[in-house]
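> One structure coming up, written as structure tokens, with questions to follow.
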Amino acid sequence: MTTIGVFDSGVGGLSVLRHIRSTLPDARLLYIADSAHVPYGDKPLHYIEQRAISLTRFLIEQGAEAIVIACNTATAAAAATLRQNFAHPIIGMEPAVKPAVAATRSGVVGVLATVGTLRSARFAALLERHANGIEIITQGCPGLVEQVEKGDLAGSDTRMLVERYTQPLLSSGADTMILGCTHYPFLAPLIREVAGEHVALIDTGLAVARQLQRRIETELSESPPGDGSAHFFTSGYVPLASLIMSKLWGNRVDVQELPKEPV
Ligand code: DGL
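Per our numbering, the very first residue in the sequence shown carries number 2; after that it's consecutive.
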């Protein structure tokens with residue numbers, strides 16, 4: 002049955018999974034939060050590549066027919082390696098530069114992302130292709146992913162970080178901000194409060210879900226529909242993961258421990 006495997010460094014990819022759920026209501030979904038290894042944003046490339054290979058292997062063993070890398074950092078580091086190693090459709094994601102460039106009226110776009118994403122060759126190539134003369138200001142956001150992992154979406158420490166990271170973008174005149182990390186859509190209400198309603202926030206989750214749907218229609222058309230179930234795994238601490246993932250998913254979820262060596 003149509004089974005989609007999705008992974009992220011932690012709980013952030015749930016912001017993508019919710020779009021996948023509503024786009025493909027019948028698919029069987031498997032989600033891994035690799036929270037024992039979060040954040041990916043400050044890890045070396047080969048470390049993220051190894052994690053991505055290991056998690057993908059596990060998802061395929063559990064029946065996944067397509068893989069979504071619900072993480073900008075892991076896509077930049079490991080999408081090419083995964084495509085070399087696995088024949089399954091691999092859907093990655095990257096900061097939504099093209100739609101943001103089309104949307105800005107001030108001619109200044111801000112990108113909030115991890116340091117790993119911003120320094121990647123893939124991101125440099127993305128700017129090269131789509132910046133189109135628009136000024137793009139990038140801002141790495143150390144610490145923000147960790148706040149979301151704790152489920153702290155609006156506390157004073159999180160607000161302080163959001164203020165610190167949005168301020169340079171606002172003072173440069175950005176009217177459009179790209180949420181270039183899948184953890185950040187969970188902070189959208191706070192970012193909107195801090196930056197002001199006039200700033201457009203651009204997220205990639207829906208576009209990824211639609212891309213996945215197209216790939217399924219063309220490449221997995223023989224696969225019978227799934228049962229609409231969703232299964233959650235973590236490499237982190239299960240009771241904490243259950244609490245945070247239930248909060249972010251909006252329903253109580255049972256989280257299973259990822260086997261230590263999923264190979
Ligand atoms: N959600 C990941 C992303 O989209 C966060 C990476 C991290 O763990 O630093 O980039």
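Glycine included, each C-beta is placed from N, C-alpha and C at the ideal position.
(1) Hey, how far is the Cα of Leu113 from the Cα of Thr24?
(2) When you measure from the CB of Val69 to every non-hydrogen atom of the ligand DGL, does any distance come out below 7 Å?
(3) Please report how far the alpha carbon of Leu202 lies from the alpha carbon of Lys248, in whole angstroms.
(4) Compare the beta carbon distance of Phe35 and Gly6 with 8 Å and say whether it is the shorter of the two.
(5) Quick one, which of Phe187, Arg193, Pro226 has its alpha-carbon nearest Gly251's?
(6) Arg29 bridges to which residues according to DSSP?
(7) Pick helix, strand or coil for Leu145, following the three-state DSSP scheme.
(8) Taking DSSP's pairing of strands, which residues face Gln140 in a bridge?
(9) In chain order, what residues of the same chain have a beta carbon less than 8 Å from the beta carbon of Asp43, not counting five sequence neighbours either side?
(10) Could you tell me whether the Cβ atoms of Ile68 and Leu60 are closer together than 8 Å?
(11) Nearest-angstrom Cα distance between Val264 and His89?
(12) Skipping 5 residues on each side, what residues in its chain have a beta carbon closer than 8 Å to that of Ile92?
(13) Could you pull the start and end residues of the beta strand (DSSP E) that Gln85 belongs to?
(14) Using the C-alpha atoms, what's the distance from Val39 back to Gly156?
(15) So Phe187 is in the alpha helix (DSSP H); what residue range does that whole segment cover?
(16) Check whether the Cβ of Val146 sits closer than 7 Å to any heavy atom of the ligand DGL, and report yes or no.
Let's see:
(1) For the purposes of this step, residue 113 is identified with residue 112 of the sequence shown, where counting begins at 1. For the purposes of this step, residue 24 is identified with residue 23 of the sequence shown, where counting begins at 1. If I take the Cα positions, the gap works out to 26 Å.
(2) Start at 1 with the first residue of the sequence shown, and residue 69 comes out as number 68. No, the ligand DGL has no heavy atom inside 7 Å of this Cβ.
(3) To locate residue 202, count along the sequence shown from 1; it is residue 201. To locate residue 248, count along the sequence shown from 1; it is residue 247. Computed Cα separation, rounded: 22 Å.
(4) Numbered from its first residue, the sequence shown carries residue 35 at position 34. Numbered from its first residue, the sequence shown carries residue 6 at position 5. According to the sequence as given, residue 35 is Asp; it is not Phe. Gly6 is positioned such that its CB atom lies no closer than 8 Å to that of Asp35.
(5) Position 250 of the sequence shown holds residue 251. Nearest C-alpha to Gly251: Phe187.
(6) By one-based count along the sequence shown, residue 29 stands at place 28. For Arg29, which the question treats as bridged, DSSP gives the partners Thr4.
(7) On the sequence shown, residue 145 is found 144 positions in, with the first residue counted as 1. Correct three-state label for Leu145: helix.
(8) Walking along the sequence shown from the start, residue 140 turns up at place 139. Answer is Leu113, bridged to Gln140.
(9) As a first step, residue 43 must be located in the sequence shown, where it is residue number 42. Closer than 8 Å at the Cβ level, and outside the excluded window around Asp43, lie Thr115, Val116, Gly117, Pro143.
(10) Your numbering for residue 68 matches position 67 in the sequence shown. Your numbering for residue 60 matches position 59 in the sequence shown. Going by C-beta atoms, Ile68 is nearer than 8 Å to Leu60.
(11) On the sequence shown, position 263 is the one that residue 264 refers to. On the sequence shown, position 88 is the one that residue 89 refers to. No answer about Val264 holds up, because its pLDDT of 45 lies below 50 and its placement is not dependable.
(12) On the sequence shown, position 91 is the one that residue 92 refers to. Hits under 8 Å: Ala67, Ile68, Val69, Ile70, Val209, Gln212, Leu213, Arg216.
(13) What you label residue 85 is simply residue 84 of the sequence shown in a count that begins at 1. From DSSP, Gln85 is part of no beta strand (DSSP E) but of the alpha helix (DSSP H) over 73 to 86.
(14) Here the question's residue 156 lines up with position 155 in the sequence shown. Here the question's residue 39 lines up with position 38 in the sequence shown. Those two C-alpha atoms are separated by around 20 Å.
(15) Within the sequence shown, numbered from 1, the residue matching residue 187 stands at position 186. Taken as a continuous stretch (DSSP letters only), Phe187 belongs to no alpha helix (DSSP H), as it is neither H nor E.
(16) Numbered from 1 along the sequence shown, position 145 holds the residue referred to as residue 146. For the ligand DGL, at least one heavy atom lies less than 7 Å from the Cβ of Val146.
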